[in-house]
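Scroll down for the structure; my scribbles are underneath it.
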Amino acid sequence: MSQETPFIFDATDATFQQLVIENSFHKPVLVDFWAEWCAPCKALMPLLAKIAEGYQGELLLAKINCDVEQQVVAQFGIRSLPTVVLFKDGQPVDGFAGAQPESAIRAMLEPHVQMPAPPAAAPLEQAKALFAESRFSEAEALLQVLLGEDNSNAEALILYARCLAERGELGEAQVVLDAVKTDEHKAALAGAKAQLTFLRQAASLPEAAELKSRLAQNPQDDEASYQLCIQQLARQQYEAALDGLLKLFQRNRAYENGLPQKALLQVFELLGNEHPLVGVYRRRLSSAMF
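Quick note: to get my numbering, add 1 to the position in the sequence shown (first position is 1).
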């Protein structure tokens, strides 16, 4: 009725001992007793196959055609179809008769079958996730191992440079970025360079508290507004920085030869087009320009 796979197969009177009983000492075996004339059997079988495949080898599914394999049917006293029996360690341990919803089948299997562990993410994907959670030292450690195996991996180099930059190693981060020779990750490289620029600028500026104090006294202080945005960018306070830069652009777009707009575009590069803030502030900048 359905194509066999490594986890799903037909069993017969002759092969039942090997395919079901002996296999069940290694992995649980779900046995589906069915027949061609049984409409509920035909509805149930694809669901059982889907469940078995989902266990990725931790559960086997054996199909018994009851019109043909009379010996096994008699041995287990199968009286109605479909009947499904779970075998473990050579013995039937659970089962059901009649069509069942997926949730009920999974609930029956849960005490007996261990779900496979999810596949481990690739090291670079793990590092990206750690970086996104601001766990920079852990991301850096993963990237060092990865780059020890392949020091030409541009994506890993760029992320490694960003980790270095986050802990203040700006010179070393620049050296790493200079080692990226491919154009394949141009946007990510531009973003990393923008991050370095903001961090370098922030290092020579007054502290954020001082700038906020100046703005409290004079909200039109363009210099303090711009410098506070840079400090916010250095601390990854992107929404506050974008908001401040846009307001400064609206108030004085010519400030320091168009610095507010240039900074906004650099932040867009830093965050990347997929970041939700980028779409929002691109539209706001466009509206402010026209």
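Positions of the beta carbon are idealized from the N, C-alpha and C atoms, including for glycine.
Worksheet item: What is the residue span of the beta strand (DSSP E) that T84 lies within?
Response: T84 to K89
Discussion item. I'd like the ranges of any alpha helix (DSSP H) spanning at least 4 consecutive residues and lying wholly in the segment 10-92.
Written reply: 40-55 and 71-76
Worksheet item: Do you know offhand how far A195's Cα is from V268's?
Response: 7 Å
Worksheet entry | Per-residue DSSP class, three states only, for F97 | Under the three-state reduction of DSSP, F97 is assigned to strand.
Worksheet item: Is the segment 176-186 close to the segment 136-146, with three or more CB pairs under 8 Å?
Response: no
Worksheet item: Ordered along the chain, which non-local residues of its own chain (more than five positions away) have a Cβ less than 6 Å from that of A12?
Response: L20, V21, A63 and I65
Discussion item. Report the CB separation of A188 from E270 in whole angstroms; it is logged as a contact under 8 Å.
Written reply: 7 Å
Worksheet item: Cα separation between A191 and Y256?
Response: 24 Å
Practice prompt. Name the two residues that bound the continuous alpha helix (DSSP H) containing R107.
Written response: E103 to L110
Worksheet item: Of the choices M290, A235 and E103, whose alpha-carbon is the least far from that of L200?
Response: Comparing Cα-Cα distances from L200 to each of M290, A235 and E103, the minimum goes to A235.
Fill in: Proximal residues to K129 (C-beta, below 7 Å), its chain only, five neighbours per side dropped
L160
Worksheet item: Run through DSSP, which three-state label would T183 get?
Response: coil
Discussion item. Please tell me whether A155 and H186 are closer than 7 Å, where the distance is taken between their beta carbons.
Written reply: Less than 7 Å divides the Cβ of A155 from the Cβ of H186.
Discussion item. Taking the straight line between their C-alpha atoms, what separation do you get for G273 and A193?
Written reply: Roughly 10 Å between the two C-alpha positions.
Discussion item. Between which residues of its own chain and K28 is the CB-CB distance below 6 Å, once the five residues before and five after are set aside?
Written reply: L61
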